[in-house]
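Contents: one structure, followed by commentary.
Residue numbers (my numbering): 95 to 514.
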């Protein structure tokens with residue numbers, strides 16, 4: 095490793111024991127990334143604040159005990175409980191204590207209490223070309239692809255090390271060459287109205303992730319400019335079904351004004367056509383349930399934006415979820431506070447929804463009622479991880495279909511253009 099004077103000093107312990115430990119971690123792992131030097135970063139996002147076992151808690155508390163401090167603005171991902179309403183939501187005290195301690199350790203190191211998996215929809219969002227150290231797969235994909243910032247997928251433990259020393263391995267998506275598209279996906283003709291639906295974008299993203307493998311996918315054939323929320327659901331789905339950390343949408347994302355720009359003027363390694371039938375099969379793959387009963391409905395993976403929450407509130411106004419159906423809307427604390435002030439929170443709660451901040455049902459399994467069998471969701475990420483983590487079957491559908499299903503306690507189909 096070629097370390098500069100500042101990095102050498104940190105490795106030698108001249109800046110204290112915490113930077114020394116963090117630099118040791120980076121110096122060991124950088125060659126694994128193929129790097130022989132480090133790059134400075136200007137912000138970080140931490141995923142290690144999710145409680146996944148005692149090791150992560152011990153590591154964070156050890157760093158905090160060494161007086162570790164982040165050296166760049168650092169946001170925090172979701173944690174494993176709603177930090178305000180965890181008792182009301184039925185989180186067991188021992189679990190809550192460990193989750194709280196983990197969050198407090200990262201706050202003690204100077205991280206901001208953002209507690210969201212969508213930091214790009216907050217003031218923590220990076221700028222185009224900014225070198226950052228972000229974790230959380232959907233956030234990495236969005237930052238690289240939609241914003242044009244530069245980060246690899248940094249996992250737990252490494253993310254806080256990068257934040258403490260303000261450095262990352264000089265490799266991968268921090269550099270120009272690895273950001274060039276290598277797989278061209280031609281989107282075939284689609285029926286009118288499909289692209290405008292909120293359930294189109296997660297399906298497209300899930301298919302992109304399944305096809306991409308280790309390639310950087312480029313999609314051509316999209317005419318309409320998607321909203322940030324639609325791009326968010328695409329990015330999350332692509333990062334869920336595959337290891338996609340960067341995608342290009344020709345004419346839409348900032349490094350893909352043209353096909354030539356997206357691929358650096360070179361032909362892609364391969365070209366594949368994506369048909370409506372491919373998308374239909376992918377949509378079907380997001381359902382594991384064999385029956386139509388629904389007892390759990392969830393929105394918010396990634397966290398719902400204010401606009402998404404208000405859309406849900408408008409659709410549930412004056413209605414009531416079936417007594418046997420538990421409904422969750424997961425979002426950031428900042429958005430929940432805005433909903434409370436606008437009256438939308440009261441509308442959602444009158445419907446029977448629990449509006450949960452700081453966390454989501456996948457990283458806080460005690461939220462899910464014992465005996466829950468079938469989850470319906472508009473999130474490809476929830477549909478993908480629900481069966482394995484929560485032990486429930488999944489049904490994927492549009493936001494409107496999820497709400498209609500919550501009202502009657504069974505799957506209500508909303509196929510629309512999908513059936514044409």
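We put the CB at the ideal spot given by N, CA and C, even for glycine.
Kindly provide the ranges of any alpha helix (DSSP H) runs that are 4 or more residues long and lie completely inside the stretch 235-316, ordered along the chain. 252-259 and 294-306
Going by DSSP in three states, residue 146 sits in which element: helix, strand or coil? coil
Should residue 440 be labelled buried (16 or more other beta-carbon atoms within 10 Å of its own) or exposed? exposed
So is residue 502 buried or exposed if we call it buried at 16+ other beta carbons inside 10 Å? exposed
Mapping DSSP to helix, strand and coil, what is residue 412? coil
Quick check: the Cα distance between residue 426 and residue 210, rounded to an integer number of angstroms? 5 Å
So which of 315, 308 and 274 has the shortest CA-CA distance to residue 289? 315
CB contact flag (residue 515, residue 150, <9 Å): This structure cannot speak to residue 515, because the chain is shown only from 95 to 514.
In the DSSP output, which residue or residues are listed as bridge partners for residue 95? Paired residue(s): none; residue 95 is not in a bridge.
Taking just the CA atoms, how far does residue 176 sit from residue 164? 24 Å
Spatially closest choice to residue 182 from 514, 364 and 461, by CA coordinates: 461
DSSP on residue 397, reduced to helix/strand/coil? Strand at residue 397.
Which same chain residues end up closer than 8 Å to residue 504 when comparing Cβ atoms and leaving out the 5 residues on each side of it in sequence? 386, 387 and 388
9 Å Cβ cutoff met for residue 137 and residue 227: yes
My output table needs one value for residue 512: the three-state DSSP class, helix, strand or coil. helix
Quick one: grab the DSSP three-state call for residue 209. coil
If you check the beta carbons only, do residue 375 and residue 488 fall under 9 Å apart? no
Residue 160 versus residue 196 - alpha carbon distance: 15 Å
Status (buried if at least 16 other CB within 10 Å, exposed otherwise) for residue 431: exposed
Rounded straight-line distance, which links the Cα of residue 444 to that of residue 167: Rounded to whole angstroms, residue 167 and residue 444 show a C-alpha spacing of 38 Å.
Which residues share a DSSP beta bridge with residue 115? In the DSSP assignment, no residue is bridged to residue 115.
Segments assigned alpha helix (DSSP H), at least 4 residues, entirely inside the stretch 359-405: 370-379
What whole-angstrom Cβ distance do residue 131 and residue 96 have, given they're in contact under 8 Å? 5 Å
Does the beta-carbon distance from residue 459 to residue 484 come in below 9 Å? yes
When you compare the stretch 470-482 with the stretch 358-365, are there three or more beta-carbon pairs, one atom per stretch, that lie closer than 8 Å? no
Just checking my contact of residue 240 with residue 347 at CB under 8 Å: how many whole Å lie between their CB atoms? 6 Å
Please name the residue or residues paired with residue 134 in a DSSP beta bridge. 261
Looking at the unbroken alpha helix (DSSP H) that takes in residue 461, where does it start and where does it end? It is not in any alpha helix (DSSP H) - residue 461 carries neither H nor E in the DSSP assignment.
First and last residue of the uninterrupted beta strand (DSSP E) at residue 435: Segment 427-436 is the alpha helix (DSSP H) holding residue 435; no beta strand (DSSP E) there.
Between the Cα of residue 267 and the Cα atoms of 499, 309, 285 and 287, which residue gives the shortest distance? 309
Would residue 293 be called buried (16 or more neighbouring beta carbons within 10 Å of its own) or exposed? buried
What is the DSSP secondary structure of residue 501, reduced to helix, strand or coil? helix
Work out the CA separation of residue 258 and residue 107 for me, nearest whole Å. In a straight line, the C-alpha of residue 107 is about 13 Å away from that of residue 258.
Going by C-alpha distance, which of 198, 492 and 262 is nearest residue 170? Closest by alpha carbon: 198.
What residues in its chain sit with their C-beta under 7 Å from that of residue 509, if we drop five residues either side in the sequence? none
Give me the DSSP bridge partner(s) of residue 139. 169 and 228
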